[in-house]
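If you read the sequences in order, they're chains A and B.
The opening residue of the first sequence carries number 1 in this note's numbering; numbering runs sequentially from there.
The opening residue of the second sequence carries number 1001 in this note's numbering; numbering runs sequentially from there.
Beta carbons: idealized from backbone N, C-alpha and C, even for Gly.
This structure is a prediction, so every number in the text was calculated from the model and none was measured.
Written below as structure tokens is the structure these notes are about.
Number of protein chains: 2
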Amino acid sequence: MEYNFSNKLASLKPSAIREIFKSLSDPSIISFAAGNPAPESFPIKELSMISADIFENSPVTALQYSLTEGYPALRQVVADRLKTKFSIGRDFDSTVIVTGGQQGIELTCKAFCNEGDTVICENPTFIGALNAFRSNGVNTVGVDLEDDGINIEKLEETLKTTKNAKLLYLIPTFQNPAGITTSFEKRKKIYELAKKYSIVVIEDNPYGELRFAGEEIPTIKSMDTEGLVVYCGSFSKILSAGMRVGFMCAPEEIISKAVVAKQVEDVHTNIFFQMLCYRYMTEWDLDAHIETIRSLYRRKCNLMLDELDKNMPDCVKYTRPEGGLFIWCTLPDTIDLSEFTKAAIANKVAVVPGTAFNCDTEAPSNSFRLNYSTPSDEQIVNGVRLLADTVKQFIK
Amino acid sequence: MEYNFSNKLASLKPSAIREIFKSLSDPSIISFAAGNPAPESFPIKELSMISADIFENSPVTALQYSLTEGYPALRQVVADRLKTKFSIGRDFDSTVIVTGGQQGIELTCKAFCNEGDTVICENPTFIGALNAFRSNGVNTVGVDLEDDGINIEKLEETLKTTKNAKLLYLIPTFQNPAGITTSFEKRKKIYELAKKYSIVVIEDNPYGELRFAGEEIPTIKSMDTEGLVVYCGSFSKILSAGMRVGFMCAPEEIISKAVVAKQVEDVHTNIFFQMLCYRYMTEWDLDAHIETIRSLYRRKCNLMLDELDKNMPDCVKYTRPEGGLFIWCTLPDTIDLSEFTKAAIANKVAVVPGTAFNCDTEAPSNSFRLNYSTPSDEQIVNGVRLLADTVKQFIK
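Encoded structure:
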């Protein structure tokens, strides 16, 4: 049988990261390609104790169908924490639980976009978001990132000239893949532009809690007096990625559309782990736990930067992140990125080529992404040397 | 701010069942409206023991990001069980894990349908599937159900005359809401029609394991020599509904599209509970557990039928199911369904009106759905009497 697939999926390729992830079954390859939290960051003992107690005292609630909006007690503590710690959430907002931050992005796209509409994105940006938009038949238009965030003039030009632009998708804090944090000045300008052009902003913030240097910057959502911002957060990088629990805070009117769309995707998020998150947040010290993760990533990031400083030829430039999971490296124009990535794999070290994060899939790139949260210290030391050796092969 | 929602979501209402479910916070109302498995059906002790062991021996795998396709060991045992027990799955098929059977339906729709395309359904049918199609901007066209399954002549007529019909969605076994099981003869005819008109069939089978009377009938998927059938199954009714773990078995080419679509919806299904399912299937006796659930539902169904026989005026007709979770009742034409449903709630008993399950949301109905798996025995006895009293109010 010859299948006639939908236009929106016919041309969509599986994520390059996921494909690289799969090819890493070879244990001799050191991977800087993943974006996984460090295994040491999971509070295993605490989750295990809570889990045993749930099976003992409330197993039926934890195993039965539940509400699409999420476990009410968890919604409440998440909303409270967003409000008190980050000034996020006004009277018109509502907070619901989703199956990872990824689902929040996809549901927002479904709520606002018809096939053929456009989402404006930072370029480069998170491939999972790009593919969420594409899989809904939506175009993506990229606006270049600078060291302090999106180029504001180009953003306004794009807002002015793009027909049917329905959403502006941003990762203002420790951006994936570029590691860039948008300045407070630019955040204010972005919000003003959103207001001026009446466009809804998705503020994706999976890494916001992982700051290990520099000063906290207010989120765009915290400035949202008009109900323009959909904020997507996640427990993936602070408790467990595999449980798939995230949250959205947005105006109630938007949330009610997202909930209808969520209902038909998965009915609700795994309720057992929603209860686990609630219990962890109310019975243990989440902030103290986050502090230990920050220390861990500060150390790992510094180790990778030290090794890059020591080993990498000067022609390679790289960011010095203040948080998050990634360092963004840029090769000189003389080196072909695709050849380089292949040579690195042959040398037993894997990175993600920047082309994977481009809004325009045909656009070139001479950057690649390094992750320091997943590899061990030994792998960081050895892997950076292998990578530096690979560069030297190309410039000798 | 005035929001401009997508056409596909702008008109979509939250599921009537979910809304009724929410209104049931009044504990004095007896609900026959849900479709929840009986709380006694969860193997709590076994899941608790396995869970403790996972936290002890493989916590990192259980809490870390995983593959979109699902936990490989679970995929294998699910595929093996489908093959050996139900003759499902050929060389060209692949089995993947999804976040409940609901996600399998939605992903298949995304893989095949552009906005404006049509899915042909049994009428009435599962509201979660109808809304999955609608939320993707897809039209639904219903073909009447008869006592032994869909009307074959009308199905062929619909296949012949419907432009851009991309999928045929069916629940051949213990249909929701009508409780009807499609005969073997009709299943063969449906498969022949699918072949003749080159249309892909979604065979949704969440209740197939819950037969407590009559003879097993082969699935349509077991006849699938040409790769025309997407089979959706679930652990919701045999292990736990709240964990949201289901599976799809379909030709590899379709599965690869569904996996791309799944990746952008939730990255992967909760991995801890995938491991829990795998361990339960390999270390405990799933078939024996299913046998106890069947006995439980046989008893509950018979109790409800006995009470209906004793109390319900003759003018009300109802099905005598051989499995599944539902009895379908039909009122005489003289009673207005909407008035009846309201009066029932006033009398402290809730049912789902048949209109909720119509492909054409404006079409009338004089039927309603009763569920016997969720209420206690006492609630079944008292609730049926309240319902019979409600009918008598209308015919006096």
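Alpha-carbon spacing of residue i relative to residue j, whole angstroms
{"i": "B/M1281", "j": "B/D1080", "result": "11 Å"}
{"i": "A/H268", "j": "B/V1384", "result": "30 Å"}
{"i": "B/G1179", "j": "B/P1332", "result": "19 Å"}
{"i": "A/K300", "j": "A/S48", "result": "27 Å"}
{"i": "B/S1006", "j": "A/V119", "result": "13 Å"}
{"i": "B/E1040", "j": "A/T84", "result": "41 Å"}
{"i": "A/K392", "j": "A/R369", "result": "18 Å"}
{"i": "A/D287", "j": "A/L239", "result": "11 Å"}
{"i": "A/A388", "j": "A/T125", "result": "25 Å"}
{"i": "B/P1059", "j": "A/P375", "result": "18 Å"}
{"i": "B/N1448", "j": "A/I88", "result": "As displayed, chain B neither begins before 1001 nor continues past 1396, which places residue 1448 of chain B out of reach and without an answer."}
{"i": "B/E1283", "j": "B/F1042", "result": "16 Å"}
{"i": "A/N205", "j": "A/A250", "result": "13 Å"}
{"i": "A/P218", "j": "A/N302", "result": "25 Å"}
{"i": "B/V1349", "j": "B/A1363", "result": "24 Å"}
{"i": "A/F32", "j": "A/I327", "result": "10 Å"}
{"i": "B/A1344", "j": "A/A129", "result": "46 Å"}
{"i": "B/P1321", "j": "A/D26", "result": "53 Å"}
Proximity of residue i and residue j at Cβ, strictly below 9 Å
{"i": "A/K401", "j": "A/E203", "result": "Because chain A spans 1 through 396 in this model, residue 401 of chain A falls outside it and cannot be assessed."}
{"i": "A/Y197", "j": "B/A1241", "result": "no"}
{"i": "A/S236", "j": "A/G246", "result": "yes"}
{"i": "A/M248", "j": "A/V98", "result": "yes"}
{"i": "B/N1131", "j": "B/N1371", "result": "no"}
{"i": "A/A356", "j": "A/I30", "result": "no"}
{"i": "B/C1121", "j": "B/Y1191", "result": "no"}
{"i": "A/F92", "j": "A/K166", "result": "no"}
{"i": "A/E106", "j": "B/E1209", "result": "no"}
{"i": "A/R90", "j": "A/D224", "result": "yes"}
{"i": "B/L1193", "j": "B/E1216", "result": "no"}
{"i": "B/L1159", "j": "B/K1195", "result": "no"}
Residue i versus the options, residue with shortest Cα-Cα distance
{"i": "B/N946", "options": "B/F1126, B/F1212, B/E1115", "result": "Only positions 1001 to 1396 of chain B appear in the structure, and residue 946 of chain B is not among them; the question remains open."}
{"i": "B/A1038", "options": "B/G1324, B/A1132, B/A1062", "result": "B/G1324"}
{"i": "B/M1001", "options": "A/S338, A/I199, A/N131, A/D266", "result": "A/I199"}
{"i": "A/F184", "options": "A/D147, A/K166, A/P332, A/V259", "result": "A/D147"}
{"i": "B/K1262", "options": "A/K195, A/V391, A/Q103", "result": "A/Q103"}
{"i": "B/F1174", "options": "B/A1213, B/N1136, B/A1194", "result": "B/A1213"}
{"i": "A/I416", "options": "A/V229, A/S365, A/N4, A/W328", "result": "For residue 416 of chain A there is no data in the structure shown, the boundaries of chain A being 1 and 396."}
{"i": "A/G100", "options": "A/D117, A/G70, A/S338, A/Y297", "result": "A/G70"}
{"i": "B/I1171", "options": "B/G1137, B/A1194, B/N1123, B/L1159", "result": "B/N1123"}
{"i": "A/V96", "options": "A/W328, A/L155, A/V230", "result": "A/V230"}
{"i": "B/L1305", "options": "B/T1182, B/S1373, B/A1343, B/E1156", "result": "B/S1373"}
{"i": "A/I395", "options": "A/F340, A/V352, A/L276, A/K45", "result": "A/F340"}
{"i": "B/S1028", "options": "B/N1004, B/E1307, B/S1367, B/N1347", "result": "B/N1347"}
{"i": "B/L1009", "options": "B/I1380, B/F1086, B/V1138, B/L1308", "result": "B/V1138"}
Any non-hydrogen atom of the ligand SAH within 8 Å of residue i CB
{"i": "B/S1373", "result": "Here there are no bound small molecules, and the ligand SAH is not part of this structure."}
Test: residue i CB closer than 9 Å to a CB of chain B
{"i": "A/A165", "result": "no"}
{"i": "A/C113", "result": "yes"}
{"i": "A/L47", "result": "yes"}
{"i": "A/A52", "result": "yes"}
{"i": "A/S31", "result": "no"}
{"i": "A/I327", "result": "no"}
{"i": "A/Q175", "result": "no"}
{"i": "A/D266", "result": "yes"}
{"i": "A/N4", "result": "yes"}
{"i": "A/L9", "result": "yes"}
CB contact check: residue i to chain A, cutoff 9 Å
{"i": "B/D1093", "result": "no"}
{"i": "B/T1061", "result": "yes"}
{"i": "B/G1089", "result": "no"}
{"i": "B/R1244", "result": "yes"}
{"i": "B/L1413", "result": "The requested residue 1413 of chain B is not part of the displayed model; chain B covers only 1001 to 1396."}
{"i": "B/T1269", "result": "yes"}
{"i": "B/P1027", "result": "no"}
{"i": "B/I1380", "result": "no"}
{"i": "B/Y1280", "result": "no"}
{"i": "B/S1373", "result": "no"}
{"i": "B/Y1207", "result": "no"}
{"i": "B/K1160", "result": "no"}
Report yes or no: do three or more beta-carbon pairs, one from the stretch 1052-1060 of chain B and one from the stretch 1262-1277 of chain B, lie closer than 8 Å? yes
Check whether the stretch 286-294 of chain A touches the stretch 143-152 of chain A, counting contact only when three or more Cβ pairs, one atom from each stretch, lie closer than 8 Å. No, the stretch 286-294 of chain A is not in contact with the stretch 143-152 of chain A.
Counting Cβ pairs closer than 8 Å, one from the stretch 1310-1324 of chain B and one from the stretch 1066-1076 of chain B, do we hit at least three? no
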